[in-house]
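**Q** So that we are looking at the same thing, I have put the structure below in structure tokens.
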Amino acid sequence: MNIIKNLVSSSKYNIKCPYPMDAQFIVVHNTANDASAANEVAYMISNNNKVSFHYAVDDKQIVQGIPENRNAWHAGDGGSGKGNRYGLSIEICYSKSGGSRFIEAEKLAAKFIASKLKEKGWGIDKVKKHQDFSGKYCPHRTLDMGWQRFLDMVQSELNALKGVDKVTEKNVPSSWAKEAWEWAKKEGLLDGTRPKDNLTREEFAVVLKRLADKK
Ligand SMILES: [Zn+2]
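Here the sequence shown is numbered in the numbering used here, starting from 189 and rising by one per residue.
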């Protein structure tokens with residue numbers, strides 16, 4: 189996943205991200221604006237407001253403005269609030285006017301969030317909304333369109349990512365079978381491919397003959 193970094197200068201850490209952070213969950217926002225992700229981040233890191241977020245996602249790209257190991261001011265729950273101190277914040281762009289740009293931005297955000305969940309070994313329960321922390325109606329358009337609908341989008345992206353892993357695992361024998369598998373390969377009884385496939389009767393006959401011929 190291609191992520192463009194436009195990180196805030198460390199000279200502004202005291203304003204934008206004063207605390208080290210070990211993120212515990214993701215907080216989803218809508219920008220309530222019509223600017224691109226690049227512009228949202230450029231504006232955020234250039235002003236001196238105590239407002240910040242880790243990532244902005246639009247219909248084309250993901251832009252990072254705050255390092256993941258620093259906190260950001262996005263959840264509206266104060267200096268020691270859980271959202272502000274432990275949340276990895278993601279802004280979905282173009283929510284003011286909506287339309288196809290927003291639809292595509294939400295899709296890319298769902299993909300990105302799924303990749304974060306996978307990277308961190310988290311489940312869908314780690315995806316929170318701004319509203320959970322301060323009561324603000326954010327992510328407003330995502331909420332209008334259905335929060336559960338968005339969570340389902342993230343879950344299906346996560347399932348797809350895990351599916352890719354399953355295909356890879358298919359080519360590796362299980363740990364309990366590894367020794368026998370290697371032995372059968374070395375003895376020339378099996379060709380060493382497709383460890384998880386079913387065995388047909390004719391394949392079994394071939395293996396029996398190979399075994400008998402060895403004597
Ligand atoms: Zn928000």
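Idealized CB from N, CA, C, for every residue including glycine. Just so you know, these numbers come straight off a predicted model, no measurement behind them.
Given that a residue counts as buried once 16 or more other Cβ atoms are within 10 Å of its Cβ, and exposed if not, what is V342?
**A** Reading the sequence shown from its first residue, position 154 is the one you call residue 342. Burial call: buried.
**Q** If you measure from the CB of H217, is any heavy atom of ligand 1 nearer than 7 Å?
**A** Here residue 217 corresponds to residue number 29 of the sequence shown, with the count starting at 1. For ligand 1, at least one heavy atom lies less than 7 Å from the Cβ of H217.
**Q** Under the rule that 16 or more other beta-carbon atoms within 10 Å means buried, what is N235, buried or exposed?
**A** Position 47 of the sequence shown holds residue 235. So N235 ends up on the exposed side.
**Q** Taking all protein chains shown into account, decide if T219 is buried (16 or more other Cβ within 10 angstroms of its Cβ) or exposed.
**A** Walking along the sequence shown from the start, residue 219 turns up at place 31. Looking at its Cβ environment, which holds 16 or more other Cβ atoms inside 10 Å, T219 is buried.
**Q** Count the other C-beta atoms from every protein chain shown that fall within 10 angstroms of the C-beta of I312, then say buried if there are 16 or more, exposed otherwise.
**A** In the sequence shown, residue 312 corresponds to position 124, counting from 1. Exposed.
**Q** Mind listing, in chain order, the continuous alpha helix (DSSP H) runs of no fewer than 4 residues lying wholly within the segment 229-303?
**A** Those alpha helix (DSSP H) runs which fall completely within the segment 229-303 and span 4+ residues are 270-274.
**Q** Quick one: is the Cβ of K324 within less than 7 Å of any heavy atom of ligand 1?
**A** Position 136 of the sequence shown holds residue 324. True, at least one ligand heavy atom lies under 7 Å from that Cβ.
**Q** With a threshold of 16 other CB atoms inside 10 Å of the CB of K204, please say whether the residue is buried or exposed.
**A** Counted from its first residue, the sequence shown places residue 204 at position 16. Buried: at least 16 other Cβ atoms inside 10 Å.
**Q** In this structure, how does DSSP classify H217 when only helix, strand and coil are distinguished?
**A** Residue 217 sits at position 29 when you count from the first residue of the sequence shown. Strand.
**Q** Go to I203, then tell me how far its alpha helix (DSSP H) extends in each direction, as first and last residue.
**A** As a position in the sequence shown, residue 203 is number 15, starting the count at 1. Its alpha helix (DSSP H) spans residues 201-204.
**Q** Quick one: grab the DSSP three-state call for V315.
**A** Taking the first residue of the sequence shown as position 1, residue 315 is located at position 127. Here V315 sits in strand by DSSP.
**Q** With distances taken between CB atoms, is the gap from I214 to G275 smaller than 8 Å?
**A** Sequence index remark: in the sequence shown, residue 214 carries index 26 (1-based). Sequence index remark: in the sequence shown, residue 275 carries index 87 (1-based). Yes, the pair counts as a contact, with Cβ atoms nearer than the cut-off.
**Q** Evaluate D385 with the Cβ neighbour count: other Cβ atoms within 10 Å of its Cβ, from every protein chain shown; 16 or more gives buried, anything less gives exposed.
**A** Start at 1 with the first residue of the sequence shown, and residue 385 comes out as number 197. Its Cβ having fewer than 16 others within 10 Å, D385 is exposed.
**Q** Using a Cβ-Cβ cut-off of 6 Å (strictly less than) and excluding sequence neighbours within five positions of I291, which residues of its own chain qualify?
**A** Taking the first residue of the sequence shown as position 1, residue 291 is located at position 103. Around I291: no qualifying Cβ.
**Q** Shorter than 7 Å, the distance from the beta carbon of H318 to the closest heavy atom of ligand 1, or not?
**A** Here residue 318 corresponds to residue number 130 of the sequence shown, with the count starting at 1. Under cutoff, so the answer is yes.
**Q** According to DSSP, is K403 helix, strand or coil?
**A** By one-based count along the sequence shown, residue 403 stands at place 215. Coil, per DSSP.
**Q** How about I278 and I254: are their beta carbons less than 8 Å apart?
**A** To locate residue 278, count along the sequence shown from 1; it is residue 90. To locate residue 254, count along the sequence shown from 1; it is residue 66. Against a cut-off of 8 Å, the Cβ pair of I254 and I278 comes out as no contact.
**Q** Using only CA atoms, which one of Y207, L305, D246 lies nearest to A260?
**A** By 1-based counting over the sequence shown, the position of residue 260 is 72. Comparing Cα positions, the closest option is Y207.
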